[in-house]
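For what it's worth, my numbering labels the leading residue of the sequence shown as 73, then goes sequentially.
All C-beta atoms, glycine included, are put in the ideal place defined by N, C-alpha and C.
Have a look at the structure below before the remarks.
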Amino acid sequence: MAISLQKGQRISLEKSSGGALQKLCVGANWGAIEKKGLLGGKKMVAVDLDLSVALFDSNKILLDLVYFGQLQAKKGGIKHSGDDTEGDVDGDDGLDNEVVSIDLSAIDSNAAQVVFILNSYKNQDFKDIPFASVRIYEGTASRVDEIFATYDIANDEKFAGSVAMIMGKMYRHNGAWKFSAIGDSTKDSKLQQIVKAVQQQYL
């Protein structure tokens with residue numbers, strides 16, 4: 073059963089059957105903003121959230137950045153589904169708008185920590201988005217096998233007034249990957265700024 077992630081919480085990246093996990097996904101699902109239009113109608117405003125992954129070595133040096141401008145890690149193991157610039161315009165379809173697919177066995181061997189970031193490209197406040205959530209699950213971009221954990225961003229008051237968040241990080245421990253939730257909003261809005269903040273505060 074999926075858990076709602078809390079700051080500092082650690083989750084095991086193991087199958088419920090106890091077997092080794094290899095395929096992991098982080099998916100983000102969100103909706104467009106509905107505003108009143110002329111003559112009592114409604115107008116849908118596109119929401120462009122961006123899911124990104126930063127890889128760091130043991131010295132906190134940035135090795136790679138997977139985002140809408142670079143959809144695959146240079147040394148493999150991590151792949152981005154592509155940029156969604158609108159969000160769900162017809163209500164929540166239950167599907168992820170952006171997905172990062174991870175092959176844990178193929179990640180750059182020099183990577184010690186892998187950090188997940190979500191930010192609004194147009195600086196749209198999380199509180200104004202009708203729904204926005206992130207989930208971590210076993211499977212592929214098109215198949216969900218087991219959900220490990222979720223974040224409900226739009227309905228969490230601590231994200232009100234923010235346009236970006238640092239979700240969490242994977243880190244190597246005794247030869248295996250572990251996950252630690254961060255769940256912090258950040259006043260930085262640009263991806264490069266957020267990556268710098270991660271280096272300074274979260275590694």
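**Message:** Would Lys-151 and Val-138 be called neighbours here (beta carbons separated by less than 9 Å)?
**Reply:** Translated into the one-based positions of the sequence shown, residue 151 becomes position 79. Translated into the one-based positions of the sequence shown, residue 138 becomes position 66. Cβ distance < 9 Å, so Lys-151 and Val-138 count as in contact.
**Item:** Ile-133 classed as buried or exposed, judged by whether at least 16 other C-beta atoms fall within 10 angstroms
**Value:** Position 61 of the sequence shown, counting from 1, holds the residue named residue 133. Looking at its Cβ environment, which holds fewer than 16 other Cβ atoms inside 10 Å, Ile-133 is exposed.
**Prompt:** So is Lys-268 buried or exposed if we call it buried at 16+ other beta carbons inside 10 Å?
**Reply:** Counting from 1 along the sequence shown, the entry for residue 268 is found at position 196. If you draw a 10 Å sphere on the C-beta of Lys-268, you find fewer than 16 other C-beta atoms in it, and that means exposed.
**Request:** For the beta strand (DSSP E) holding Gln-144, just list the boundary residues, first then last.
**Result:** The sequence position of residue 144 within the sequence shown is 72, counting from 1. Neither: Gln-144 is in no beta strand (DSSP E) and is coded neither H nor E.
**Asked** From Ser-153 to Tyr-209, what distance separates their C-alpha atoms?
**Response** Stepping through the sequence shown from its first residue, residue 153 is reached at position 81. Stepping through the sequence shown from its first residue, residue 209 is reached at position 137. Rounded to the nearest angstrom, the two C-alpha atoms are 15 Å apart.
**Prompt:** Helix, strand or coil: which one does DSSP assign to Glu-229?
**Reply:** Taking the sequence shown and counting its residues from 1, one reaches residue 229 at position 157. Three-state result, Glu-229: helix.
**Request:** Report yes or no: do the stretch 227 to 246 and the stretch 184 to 193 share at least 3 C-beta pairs separated by less than 8 Å?
**Result:** When C-beta atoms of the stretch 227 to 246 are compared with those of the stretch 184 to 193, three or more pairs fall below 8 Å, so the two segments count as touching.
**Prompt:** Based on Cα-Cα distance, which residue from Gln-273, Ala-253, Val-98 lies nearest to Asp-175?
**Reply:** Counted from its first residue, the sequence shown places residue 175 at position 103. Nearest Cα to Asp-175 within the set Gln-273, Ala-253, Val-98: Val-98.
**Ala-248, enclosing beta strand (DSSP E) - first and last residue** = Counting from one through the sequence shown, the residue named residue 248 turns up at place 176. In the DSSP annotation of this structure, the continuous segment of the beta strand (DSSP E) that includes Ala-248 starts and ends at 248 to 257.
**Request:** Indicate the three-state DSSP secondary structure (helix, strand or coil) for Phe-56 in the structure shown.
**Result:** The structure shown does not extend to residue 56, since the chain spans only 73 to 275, so no value can be given for it.
**Request:** Output the distance between the C-alpha atoms of Asn-101 and Asn-182, rounded to the nearest integer angstrom.
**Result:** For the purposes of this step, residue 101 is taken as residue 29 along the sequence shown, with counting starting at 1. For the purposes of this step, residue 182 is taken as residue 110 along the sequence shown, with counting starting at 1. Asn-182 has its alpha-carbon roughly 31 Å from the corresponding atom of Asn-101.
**Prompt:** From Gly-103 to Tyr-274, what does the alpha carbon distance come to, in whole angstroms?
**Reply:** The residue given as residue 103 occupies position 31 in the sequence shown. The residue given as residue 274 occupies position 202 in the sequence shown. In this structure, the alpha-carbon of Gly-103 lies about 29 Å from that of Tyr-274.
**Prompt:** For Asp-197, which of Met-237, Gly-113, Leu-85 has the nearest alpha-carbon?
**Reply:** Taking the first residue of the sequence shown as position 1, residue 197 is located at position 125. Among Met-237, Gly-113, Leu-85, the Cα nearest to that of Asp-197 is on Met-237.
**Request:** Below 8 Å on the Cβ atoms is my guess for Ala-226 versus Pro-202; work out the distance and round it to an integer in Å.
**Result:** In the sequence shown, residue 226 corresponds to position 154, counting from 1. In the sequence shown, residue 202 corresponds to position 130, counting from 1. Sure, about 7 Å apart at Cβ, within 8 Å.
**Asked** Where does Met-73 sit, in a helix, a strand or coil, going by DSSP?
**Response** Reading the sequence shown from its first residue, position 1 is the one you call residue 73. Confidence is the limiting factor: at Met-73 the pLDDT is only 47, short of 50, which leaves the residue's position unreliable, though a coordinate-based value still follows. In this structure, DSSP gives Met-73 a state outside helix and strand, which the three-state scheme calls coil.
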